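**Student:** Numbering (this note's numbering), first residue to last: 16 to 500.
Glycine included, C-beta positions come from ideal geometry on N, C-alpha and C.
For clarity, every value in this text was computed on a predicted model and none was experimentally measured.
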């Protein structure tokens, strides 16, 4: 149960990368076979289901991880908590599925989408029955990662062997729910190793409802916040700018999700420590996670900013060259959104300050929408990216302010300075590489490998605390292997 956060982070990053690679592999094949109209049916149906999935989930997963991690060692109390939250989730799922069924049966506009909607609707109940948050509470990321990759591979095989012609879009839709259905069935048996769960109507609704609804309101605000850019851009400018912006956002999200994976795996452990150990021990681990993010985020921002032209051309094509400035603006936003998410998830959430998270999300969403009116009209997709950057900065500032009100933390400025100087070395190196090499793919390969070597050696030379600890652990393991051999 007491696995290191580092191992969990690596496993979750692998899972995140596999979840990114899977659509990159399947989408080109599916788009050619199904053509635009049938692929559009699946994507449109998926967008509808996502709203009902949001209603069914109701912010319960985040709440369950936050509360459950603190009491996971008290088996009787934990099992009672799991049964109560699980029962609440079943009720919200039934309500969501009932409303969805009414729309499918009586909305004439959805008549042509009925088959796909019914297939994709399986995502909702199986996600609930999966209770994957139990695995997250006990930090079982080995199981989560292996299970996710296996079912993604099964889905890939379904697409390759059974999606052969244009009318196979229902099979393609079915492949997208395989992972959730498979995880739901598997988790039903697997999670019994941690606790028993049962449906009960004897739960304290007032105890659970308020924090769940606050987290649900935060989720709605986040959805509005992330969707408003594209919606307003489409209405004010047109599809061309939406295509450019969406391409830049997809690439931006890939790097953001990798960094978020570290934060996500840290939540159960830090919540447990905050509730069961000393505050100083909690703060010590919290700042180690902060230092790891600092080491990663600066080179990622610099690398993505400098290599935006090559990345856009390789992943999207030369016709998307106008998205390069958009991606460069968003690359800077990674710095703000990473640490805004860090403070919200790892400080405010364990401290049960979800009200502050909601306020930060609503303010940033409102500012984003208001500023979009001017910046989209003036700068199109680049204006949209700039308002995203400002909104992420606002979230960071509010989260930091709320954090300092609740808890005192000491930031390692030595680590920040070392990472910043190392990233400047990466910037100089990439400029040199781009002068010497003309082929895009070779530029990216040379930039990545060279940057890792330069940055790594610089941090070792500076005796960076995080890198030094990793080297000491590696050396001790080598000595242990030598003794055993």
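#1: So, are the CB atoms of residue 363 and residue 414 less than 8 Å apart?
#2: Could you tell me how far apart the beta carbons of residue 151 and residue 283 are, in whole angstroms, since I believe they sit closer than 8 Å?
#3: Which ranges does the alpha helix (DSSP H) cover as unbroken runs of at least 4 residues, wholly within the segment 322-407, from first to last along the chain?
#4: Find the nearest neighbour of residue 239 within the set 53, 376, 316, judged by alpha-carbon distance.
#5: Taking buried to mean at least 16 other C-beta atoms within 10 Å of its own C-beta, is residue 409 buried or exposed?
#6: I need the straight-line Cα distance from residue 28 to residue 123, nearest angstrom please.
#7: Look up residue 124 in the DSSP assignment and say whether it is helix, strand or coil.
#8: CB-CB under 7 Å to residue 213, same chain, minus the five flanking residues each way: which ones, in chain order?
#9: Quick one: what does DSSP say residue 17 is sitting in, helix, strand or coil?
#10: Applying the criterion that 16 or more other CB atoms from any shown protein chain within 10 Å of the CB defines a buried residue, is residue 75 buried or exposed?
#11: Below 6 Å CB to CB, which residues in the same chain sit around residue 290 once its five sequence neighbours on both sides are set aside?
#12: Would you report the Cα separation of residue 255 and residue 40, rounded to the nearest angstrom?
#13: If you draw a straight line from the alpha carbon of residue 257 to that of residue 445, how long is it in whole angstroms?
#14: With a threshold of 6 Å on Cβ separation, who are the neighbours of residue 160 within its own chain once the five nearest residues in sequence on each side are excluded?
#15: Can you give the Cα-Cα distance for residue 195 and residue 140, rounded to whole angstroms?
#16: Rounded to whole angstroms, how far is the Cβ of residue 131 from the Cβ of residue 56, which I believe are closer than 8 Å?
#17: Compare the Cα-Cα distances from residue 115 to each of 176, 68, 262 and report the closest residue.
#18: Does the count of Cβ pairs from the segment 377-395 and the segment 231-247 closer than 8 Å reach three?
#19: Using a 10 Å radius around the Cβ and a threshold of 16 neighbouring Cβ atoms, would you call residue 262 buried or exposed?
#20: Compute the distance between the beta-carbons of residue 331 and residue 337, then report whether it is under 8 Å.
#21: By how many angstroms is the C-alpha of residue 367 removed from the C-alpha of residue 398?
#22: Leaving out five residues on either side along the sequence, give the residues of the same chain with a beta carbon under 8 Å from the beta carbon of residue 389.
#23: Along the alpha helix (DSSP H) that carries residue 453, what are the first and last residues, could you check?
#24: Only counting the same chain, and skipping five residues up and downstream in sequence, which positions put a Cβ closer than 6 Å to that of residue 17?
#25: Let's test the definition: count the other Cβ atoms within 10 Å of the Cβ of residue 118 and tell me whether it reaches 16, buried, or not, exposed.
#26: With a 10 Å radius around its C-beta and 16 neighbouring C-beta atoms as the bar for buried, classify residue 423 as buried or exposed.
#27: Residue 219 by DSSP, collapsed to three states: which one?
#28: With a 10 Å radius around its C-beta and 16 neighbouring C-beta atoms as the bar for buried, classify residue 65 as buried or exposed.
#29: Quick one: is residue 199 buried, meaning 16 or more other Cβ sit within 10 Å of its Cβ, or exposed?
#30: For residue 117, does the three-state DSSP call read helix, strand or coil?
#31: Helix, strand or coil for residue 62 per DSSP?
#32: Let me confirm a value: residue 391 is counted as buried when at least 16 other C-beta atoms fall within 10 Å, else exposed. Which label applies?
#33: Would you report the Cα separation of residue 171 and residue 323, rounded to the nearest angstrom?
**Tutor:** On the basis of the coordinates in this document:
#1: For residue 363 and residue 414, yes; Cβs fall inside 8 Å.
#2: The Cβ separation is near 6 Å, so the contact holds.
#3: Considered as a whole, the segment 322-407 harbours 339-358 as its complete alpha helix (DSSP H) runs of no fewer than 4 residues, in chain order.
#4: Taking residue 239 as reference, the option from 53, 376, 316 with the minimal CA-CA separation is 376.
#5: Residue 409 should be labelled buried.
#6: Cα-Cα distance, rounded: 43 Å.
#7: Reduced to three states, the DSSP call for residue 124 is helix.
#8: Cβ neighbours of residue 213 beyond the five flanking positions: 98.
#9: With a pLDDT of 41 at residue 17, under the threshold of 50, the modelled position of that residue is not reliable, and the figure given next carries that caveat. DSSP places residue 17 in coil when its eight states are reduced to three.
#10: Around the Cβ of residue 75, a 10 Å sphere holds 16 or more other Cβ atoms; the residue is buried.
#11: Counting only residues of its own chain and dropping the five nearest sequence neighbours on each side, residue 290 has a CB closer than 6 Å to the CB of 85.
#12: Going from the Cα of residue 255 to the Cα of residue 40 covers about 24 Å.
#13: Rounded to whole angstroms, residue 257 to residue 445 spans 30 Å at the Cα level.
#14: Excluding sequence neighbours, residue 160 sits near 26, 29, 30.
#15: In this structure, the CA atom of residue 195 is about 9 Å from the CA atom of residue 140.
#16: Yes, residue 131 and residue 56 are in contact; Cβ-Cβ is about 6 Å, under 8 Å.
#17: Checked all of 176, 68, 262; the closest Cα to residue 115 is 68.
#18: Between the segment 377-395 and the segment 231-247 there are three or more inter-stretch CB-CB distances shorter than 8 Å, so the stretches are counted as touching.
#19: Burial check for residue 262: the Cβ neighbour count within 10 Å reaches 16 or more, so the residue is buried.
#20: Contact flag unset, no.
#21: Their backbone Cα atoms lie some 35 Å apart in a straight line.
#22: Contacts found: 398.
#23: Segment: none, residue 453 is in no alpha helix (DSSP H) and carries neither H nor E.
#24: Bear in mind that a pLDDT of 41 at residue 17, under 50, signals an unreliable position, so the model cannot answer this.
#25: Residue 118 sits exposed, since fewer than 16 C-beta atoms from the chains shown fall within 10 Å of its C-beta.
#26: Residue 423 counts as exposed, since fewer than 16 other C-beta atoms from the protein chains shown sit within 10 angstroms of its C-beta.
#27: The answer is coil: DSSP assigns residue 219 none of H, G, I, E or B.
#28: Counting Cβ neighbours within 10 Å, residue 65 comes out exposed, since fewer than 16 surround it.
#29: Buried is the call here.
#30: Here DSSP, grouped into helix, strand and coil, assigns residue 117 to helix.
#31: Residue state for residue 62 is assigned as helix, using DSSP reduced to three classes.
#32: Burial check for residue 391: the Cβ neighbour count within 10 Å reaches 16 or more, so the residue is buried.
#33: As the crow flies, the alpha-carbon of residue 171 is around 29 Å from that of residue 323.
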